[in-house]
Amino acid sequence: MSRNNLMKGRSSFKHHIYHITACTENRQAFFHNFQYARLLINEMTTLVAKQEISSITWVIMPDHLHWLFQLTSDNNLSKVMQTLKGRSSRAINRYEKGAGFSWQRGFHDHAIRTEENLLAVSRYIVANPLRAGLVDHVGNYPLWDSVYLQDETGE
Numbered sequence: 000m001s002r003n004n005l006m007k008g009r010s011s012f013k014h015h016i017y018h019i020t021a022c023t024e025n026r027q028a029f030f031h032n033f034q035y036a037r038l039l040i041n042e043m044t045t046l047v048a049k050q051e052i053s054s055i056t057w058v059i060m061p062d063h064l065h066w067l068f069q070l071t072s073d074n075n076l077s078k079v080m081q082t083l084k085g086r087s088s089r090a091i092n093r094y095e096k097g098a099g100f101s102w103q104r105g106f107h108d109h110a111i112r113t114e115e116n117l118l119a120v121s122r123y124i125v126a127n128p129l130r131a132g133l134v135d136h137v138g139n140y141p142l143w144d145s146v147y148l149q150d151e152t153g154e
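Take the sequence shown: its position 125, counted from the start at 1, is 124 in numbering that gives the first Met the number 0, and no numbers get skipped.
1. Return the CA-CA distance between F106 and Y94, expressed in angstroms with no decimal places.
2. Spatial neighbours of L129 within its chain, please: C-beta separation below 7 Å, excluding the five flanking residues on both sides.
3. Looking at C-alpha atoms only, which residue of Y147, L133, T20 is the closest neighbour of M80?
4. Less than 8 Å between the beta carbons of S145 and V125, yes or no?
5. Per DSSP, what are the beta-bridge partners of F68 in this structure?
6. Report yes if the C-beta distance between H65 and T23 is below 8 Å; otherwise report no.
7. Thinking just about the alpha-carbon of each residue, which of G85, P61, F100 is nearest to the one in T45?
8. Report the three-state DSSP secondary structure of D135 (helix, strand or coil).
9. When you compare the CB positions of I52 and Q69, do they come within less than 8 Å of one another, or not?
10. Give me the Cα-Cα distance between L39 and S77, rounded to the nearest whole angstrom.
11. What's the gap between the Cα of N139 and the Cα of R104?
12. What three-state label does DSSP hand A178 in the structure shown?
13. Which partner residues does S77 have in the DSSP bridge list?
14. For A110 and K13, I'd like the C-alpha separation in whole angstroms.
15. Let's test the definition: count the other Cβ atoms within 10 Å of the Cβ of V134 and tell me whether it reaches 16, buried, or not, exposed.
16. Nearest to S101 by CA position, among Y35, H18, Y17, is which residue?
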């Protein structure tokens, strides 16, 4: 799907929740490299710390990112993704000269409607490594997080 088709009808609103998918250029499995994934996570965390977004659930697959978050600033969805992709690309390429890391242009987004169950969408996101056959139990996959995690006491 072309970038222009991805942009048709796209709108973003503060306080709305979005499920985005962003792929690496040519679907290269850059995130098999754990350090590259950690650099991406650092940039995601920075967006949260700067109160651009509120993260709900994410998983980093070898060649793409799924992320469920709420916009919390006046920046639109495209600006948030441009920031994430630009900063993470620079961080990875700075970390390892010649890595040649880049993101595919554009991204897929789905605005979550109020009737949709956030827990179900989060479970879908977290189960991606299982469906891809990367692990046999989600707990064995290190590159995901969710606000729905509970501590040992169940709280």
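Just so it is clear, CB atoms sit at the ideal spot from N, CA and C, and this is done for glycine as well.
Reading it off the structure:
1. Y94 has its alpha-carbon roughly 24 Å from the corresponding atom of F106.
2. The residues are V137.
3. Per the C-alpha coordinates, the member of Y147, L133, T20 positioned closest to M80 is T20.
4. Going by C-beta atoms, S145 is nearer than 8 Å to V125.
5. Bridge partners of F68 according to DSSP: Y17, S54.
6. No. Outside cutoff.
7. Across the set G85, P61, F100, the C-alpha of G85 shows the shortest separation from the C-alpha of T45.
8. In the structure shown, D135 sits in coil (DSSP, three-state: anything other than H, G, I, E or B).
9. With a cutoff of 8 Å on beta-carbon distance, I52 and Q69 are scored as near each other.
10. Our two residues, L39 and S77, have alpha carbons roughly 17 Å apart in a direct line.
11. Their Cα atoms are separated by approximately 31 Å.
12. Residue 178 is absent from the structure shown; the chain starts at 0 and stops at 154.
13. For S77, DSSP assigns no beta-bridge partner whatsoever.
14. Their Cα atoms are separated by approximately 12 Å.
15. So V134 counts as exposed.
16. Considering only alpha carbons, the answer is Y35.
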